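Below is one structure; the comments refer to it alone.
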Amino acid sequence: MSVILPILLLPAFLVGMSWMEDRQVQRDEARTFRVAIVGSEAEFARSLLGEASPASRFQWVSVEDPGQALETESLDLYLEAMAPEAWATLVEQGEAEADVIPTELEGVPVFRLHYHSSRTASREGASALQMKLLALREVRRDSLLLGAGFPAPRSEIAVLHTRDVASDEEVQGAMLGRYVTLLLLGLMILGGSALSTDTLAGEKERGTLATLLTSAATRNELVAGKLMAIMAVAFSIALIQVLNLWLFLGLGIIEPPSNLALRVSPELAFLLLVLFLPVIALTAGVLLLASAYANSYKEAQLYLTPVLLGLLAPAMAPMVPDLTLPSAMILVPIANIALAARDLMVGQVHVPSLLASWGVTAAAAVWVTSRSVRALHSEKVVTGDTTREEFLGGPDLFRKRVLRWFLVFWAVKLLLDLNVRFDDIRLSALFSVGLLFLAFPLVVIYYFRLDPRKALALRAPRPGVWIGVLVGAPAGLLAAQGLFRLMQYVIPIPPEVLEGFGQTLLPESIPTWQLLLLLALLPGIVEELTFRGVLLHGLRRRFGTLGLALVVGGIFGFFHFQIFRIPTTAMLGVVLTLVTLYSGSIFPAMAWHVLNNGLAIFLASRGWGESLEGAWLGWVGLAGLILALGIIWVFRTPYPEVGPKAGRGQAPGPDAGRQGETRSASGRASPET
Amino acid sequence: MNDDFVRTESLTKVFYDESRGEVMAANAVDIACAAGEILGLLGANGAGKTTTLRMLSTVLRPTSGNAWVMGHEVRDAPERVRENLGFYSASTALYPKITPRETLRFFATVNRYPASKVEARVDDLIRRFRLEAYADTRVERLSSGMKQKVSIARTVAHDPPVLIFDEPTVALDVLNAIELRQIIAELRAEGKAILFSTHIMSEAEKLCDRIAILHGGRILATGTLNELREGTGLHYLEDIFVHFAGVRDEAEAEVRNVMPGPHA
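First to last, the sequence lines map onto chains A and B.
Okay, so the first sequence: first residue is 4 according to our numbering, each after it adds one.
Okay, so the second sequence: first residue is 420 according to our numbering, each after it adds one.
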């Protein structure tokens, strides 16, 4: 029934909508409006309107009190025609807006339309009368121009003719391509949601999931099976609905839009199907994930609205003006496919973008599906109890939640940077860098009851490390310049963008010492507290040294929102993470960071930045960087508990002493994680 | 080398509950069950029976300790463990929209029963559990007694050597409970190792070869009914249970095996 009913109801709904629209048009065309004309210039207005066509939709009426008549609905609207002096009086009394009458038209009568916008007849009558008055004004103006000796009527001044050179297919592609992803997603979600909510959430409620979990099937197999079922059902229903719509349009039961040709070749249909595969998988994956996290059928239904909005929003990308491929939109799942689908339908395909979009959305689908597998591994599926980490809170929970917190922080910072703007770069630095990057680690330390000394790696390094820092900071700057030059070959950045960025960041009006304080010392300290402090501390048991350097460095890079800055800042982040891991302390990374920013500002302020352009300097920088890291490694004091094996066999964790209240009812020792 | 089909070693599970805090649901549980044996887990509600059995079926991960099913570790080879066991409880339901035949076919396949033999196995189970009359009727239309039979047939669909019955009679009427116990006894005769949890003393007395008494997550005693009687000097299992539970409540008694033997 869930398939057959929509097949019948959708065309019925569309036919019904079309009938209602036709009826509305007929009613509007048949409607007449009761209008009164009042005021000292009423005669002039009447004579003017008397020139209108005899088949007028206006019924002229006389009333004593037009305001009262409008209130009591015995009148739809009234036109108040007044002398300019009367209007001036109203302006003086504050009952009319000043500057409505252009100065060159001073002295002409003023018409004021009074209507009631909440009533259809009044609203539409006002609109119709306004149109009529504007048309009359044009006719009168033309006759005045002719009377004044202007040589030709307006239509002969210049004749405009338009010719659309786009083919029917291109017009159709541009129109249909804007909506095709949205339509497919909407139909899929409608079709697949019933099965998805039933498939895991419903099974939890019925107890069949418990049966399935005790079978020999792996969690991967279970999720793959469920996913394919949702994909098949959702896509089949969507396809049936599209074919159904197509059929009814073809039979003429529903009127297609005037420029919709409804021709899609089999080749194009096949390409679209292949293109949409990751979208179908991602949609099914998201539906399944919502079901996996819900404890009951009803709870899963509650998740459908945010799921619907979350999936449909990126599918609207083709409707946004000037949003095209290739662009950064390649990185946004669904939106990239929606744009690629439109391009495909218009016949303007950029193959690398199309392939990259397919890959990104497919990767998103795999990731979402893996989350469902993880949800099935969770004991919460069966017991509903909280985990040890959730129950105890504190450092163990932070290790589990660290990436989630940084993701939220990233989104909050992005929103604040976009919406809270200061004209003065100093205020901007104090707020966006100083306040946010200082507040975040403090909040994390307080909320998760971390030991600040451990969480921020506040340990003294061995003295030899400082030699490495002094060598490494300038070398790192040179290496970053080299990397930036390399990046130009991959993603060329227009010089005006870089110039604009430089002027914003380093305005000439601000003394260099203030820039050094706010853009070198301040971020050098607080950004390190955030990234090489709490982030590194939270992730330390998940990855080895190299993995930590890449992940922490990468996240550091993504916090610099200008795309052209991400590679170089990520490189700096990788190096600073290695420095912290080798020295066991945050202080060398802070010093390196301050020196790096300070040198860059100093060189820019002296106009010496261009002198670092030589390619060989990049290689010198890289060599210096390796030397510096080598020196630090020689004088190393390893960062504690690095790597996945570090946490095993230690019960409780290193910060357990601070866990304090365990809210334990039994009073027994907590077990090993 | 051990002959036990199922064995646990200091199997422990800790839960964290908002209202009760840290809960040691199973505390260093040591049990073993051999082929052709029914081991009864006897305990009140909340004693740790279901938690122990769920750890054995790999649905829950042990907090510490370990367990083996047919030599496979529950932590390292969960799929192999589940291939070798059938799990039945009041909470393991059936799919309502498919028939008993489809149910048996599905679970035999999912549990890796050889594909070429699935149909013969399904036909055999339908005959054995006398499901012929409603083998092709949707499960949702069956009575609770019929559903119970289908559920047991589902549990043994892949012919596993180990069977777990977690409070199977809790929602059954007397006649259905008797029939279920008969089926379990037949499965024992076929050489299955069976773990049977219950809080009904008479059921444990009638069915189980050995009984492990659980209380507060701990095994307080393990032995045959006669061994338990001799160890306590009491005749009725109910009195024996109260004896052990009472002793533990009074003095947080250590785990005691009345007659340490090959399965202790």
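We put the beta carbon where it would ideally sit given N, CA and C, even for glycine.
This one's a predicted model, so the numbers in the text were calculated from it and none came from an experiment.
Residues of its chain near residue 517 of chain A, where Cβ-Cβ distance is below 7 angstroms and the 5 sequence neighbours each way are ignored: As a working note, residue 517 of chain A is residue 514 in the first sequence. Result list for residue 517 of chain A: 429, in chain order.
Residue range of the unbroken alpha helix (DSSP H) whose run includes residue 322 of chain A: One-based indexing of the first sequence puts residue 322 of chain A at position 319. Note, residue 322 of chain A: premise wrong, no alpha helix (DSSP H); not H, not E.
Residue 506 of chain B - DSSP class collapsed to helix/strand/coil: As a position in the second sequence, residue 506 of chain B is number 87, starting the count at 1. Note: residue 506 of chain B maps to strand in three-state DSSP.
Residue 479 of chain A: CB within 7 angstroms of a non-hydrogen atom of the ligand ZN: Judged by which ligands are present, the structure shown has none, so any question about the ligand ZN falls away.
Whether residue 580 of chain B touches residue 536 of chain B by CB criterion (8 angstroms): The residue labelled residue 580 of chain B in the question sits at position 161 within the second sequence. The residue labelled residue 536 of chain B in the question sits at position 117 within the second sequence. For residue 580 of chain B and residue 536 of chain B, no; Cβs fall outside 8 angstroms.
Proximity below 8 angstroms, CB of residue 586 of chain A to CB of residue 509 of chain A: Counted from its first residue, the first sequence places residue 586 of chain A at position 583. Counted from its first residue, the first sequence places residue 509 of chain A at position 506. Not closer than 8 angstroms, so no.
Status (buried if at least 16 other CB within 10 Å, exposed otherwise) for residue 336 of chain A: Within the first sequence, numbered from 1, the residue matching residue 336 of chain A stands at position 333. Residue 336 of chain A comes out buried.
Cutoff 8 angstroms: residue 639 of chain A Cβ touching any chain B Cβ: Your numbering for residue 639 of chain A matches position 636 in the first sequence. Residue 639 of chain A does not count as touching chain B.
Contact list for residue 211 of chain A against chain B, beta-carbon separation under 9 angstroms: Along the first sequence, one-based indexing puts residue 211 of chain A at 208. Neighbours of residue 211 of chain A on chain B, chain order: 511, 512, 513, 514 and 515.
Buried/exposed call for residue 399 of chain A, threshold 16 Cβ in 10 Å: Numbered from 1 along the first sequence, position 396 holds the residue referred to as residue 399 of chain A. Buried.
Contact under 8 angstroms by Cβ, residue 620 of chain A with residue 475 of chain A: For the purposes of this step, residue 620 of chain A is taken as the residue at position 617 of the first sequence. For the purposes of this step, residue 475 of chain A is taken as the residue at position 472 of the first sequence. No.
Exposed unless 16 or more other CB atoms sit within 10 angstroms - verdict on residue 134 of chain A: In the first sequence, counting from the first residue as 1, residue 134 of chain A sits at position 131. Exposed: under 16 other Cβ atoms inside 10 Å.
Amino acids of chain B, ordered along the chain, whose beta-carbon sits closer than 8 angstroms to that of residue 580 of chain A: As a position in the first sequence, residue 580 of chain A is number 577, starting the count at 1. None at all; the shortest Cβ gap to chain B is about 32 angstroms.
Cβ shell of residue 652 of chain A (< 6 angstroms), same chain only, five flanking positions each side left out: Taking the first residue of the first sequence as 1, we reach residue 652 of chain A at position 649. For residue 652 of chain A, the predicted structure reports a pLDDT of 46, less than 50, and the residue's modelled location is therefore unreliable. The matter cannot be settled from this model.
Burial state of residue 244 of chain A (16 or more Cβ within 10 Å): In the first sequence, the residue the question calls residue 244 of chain A occupies position 241. Residue 244 of chain A is buried by the Cβ-count criterion.
is_contact[residue 216 of chain A, chain B] using C-beta, thresh 8 angstroms: Locating residue 216 of chain A in the first sequence gives position 213, where the first residue counts as 1. By this cut-off, residue 216 of chain A is an interface position.
Contact set between residue 530 of chain B and chain A, taken where Cβ atoms lie within less than 9 angstroms: Locating residue 530 of chain B in the second sequence gives position 111, where the first residue counts as 1. The answer, in chain order, is 218, 219 and 220.
Stretch-stretch touch, CB-based, cutoff 8 angstroms, three pairs: the stretch 471-485 of chain B with the stretch 431-445 of chain B: yes
Per-residue contacts from residue 506 of chain B into chain A (C-beta, under 7 angstroms): Residue 506 of chain B sits at position 87 when you count from the first residue of the second sequence. Those within 7 angstroms of residue 506 of chain B in chain A are 217.
Cβ distance (whole Å) where residue 575 of chain A is taken to contact residue 483 of chain A below 8 angstroms: Counted from its first residue, the first sequence places residue 575 of chain A at position 572. Counted from its first residue, the first sequence places residue 483 of chain A at position 480. 6 angstroms between Cβ atoms; contact.
Member of A:361, A:639 and A:455 whose CA lies at the smallest distance from the CA of residue 397 of chain A: Looking up residue 397 of chain A in the first sequence gives position 394. The residue with the shortest Cα to Cα distance from residue 397 of chain A is A:455.
Distance, residue 443 of chain B Cα to residue 606 of chain B Cα: Along the second sequence, read from residue 1 onward, the residue named residue 606 of chain B stands at position 187. Along the second sequence, read from residue 1 onward, the residue named residue 443 of chain B stands at position 24. Residue 606 of chain B and residue 443 of chain B: Cα-Cα distance of roughly 33 angstroms.
Burial state of residue 377 of chain A (16 or more Cβ within 10 Å): As a position in the first sequence, residue 377 of chain A is number 374, starting the count at 1. Label assigned to residue 377 of chain A: exposed.
7 angstroms CB neighbourhood of residue 241 of chain A in its chain, flanking five on each side removed: Taking the first sequence and counting its residues from 1, one reaches residue 241 of chain A at position 238. Excluding residues within five positions, the ones whose Cβ falls inside 7 angstroms are 187, 190, 191 and 194.
Chain A residues whose Cβ lies nearer than 7 angstroms to that of residue 637 of chain B: Along the second sequence, one-based indexing puts residue 637 of chain B at 218. Under the 7 angstroms cutoff, chain A gives no residues; its nearest Cβ is about 12 angstroms from residue 637 of chain B.
Buried/exposed call for residue 77 of chain A, threshold 16 Cβ in 10 Å: For the purposes of this step, residue 77 of chain A is identified with residue 74 of the first sequence, where counting begins at 1. Classification of residue 77 of chain A: exposed, given that the 10 Å Cβ count is below 16.
Nearest neighbour of residue 499 of chain A, chosen from A:567, A:69 and A:145 [CA to CA]: Residue numbering aside, residue 499 of chain A sits at position 496 when the first sequence is read from its first letter. Considering only alpha carbons, the answer is A:567.
Whole runs of the alpha helix (DSSP H) within the stretch 534-622 of chain A, excluding any shorter than 4 residues: 539-542, 548-561, 569-586 and 590-608
Of the residues A:554, A:48, A:344 and A:152, the one placed nearest residue 181 of chain A, counting alpha carbons only: Locating residue 181 of chain A in the first sequence gives position 178, where the first residue counts as 1. Among A:554, A:48, A:344 and A:152, the Cα nearest to that of residue 181 of chain A is on A:344.
Identity of the residue in A:451, A:416, A:251 and A:448 nearest residue 437 of chain A by Cα: Position 434 of the first sequence, counted from the first residue, corresponds to residue 437 of chain A. Nearest C-alpha to residue 437 of chain A: A:416.
Residue 215 of chain A to residue 224 of chain A span [Cα, whole Å]: Residue 215 of chain A sits at position 212 when you count from the first residue of the first sequence. Residue 224 of chain A sits at position 221 when you count from the first residue of the first sequence. Cα to Cα, the separation comes out at about 11 angstroms.
Beta-carbon spacing of residue 544 of chain A, residue 646 of chain A below 8 angstroms: By one-based count along the first sequence, residue 544 of chain A stands at place 541. By one-based count along the first sequence, residue 646 of chain A stands at place 643. In this structure, residue 646 of chain A lies closer than 8 angstroms to residue 544 of chain A by Cβ.
Chain-ordered neighbours of residue 502 of chain B on chain A, where CB pairs are closer than 8 angstroms: Sequence index remark: in the second sequence, residue 502 of chain B carries index 83 (1-based). Those are 219, listed as they occur along chain A.
8 angstroms Cβ cutoff, residue 548 of chain B in contact with chain A: The residue you call residue 548 of chain B lines up with position 129 of the second sequence. Closer than 8 angstroms: no.
Segments of 3+ residues assigned as beta strand (DSSP E) that fall wholly inside the stretch 336-363 of chain A: none
Min CB distance residue 521 of chain B to chain A below 8 angstroms: Counting from one through the second sequence, the residue named residue 521 of chain B turns up at place 102. With 8 angstroms as the cut-off, residue 521 of chain B does not count as an interface residue toward chain A.
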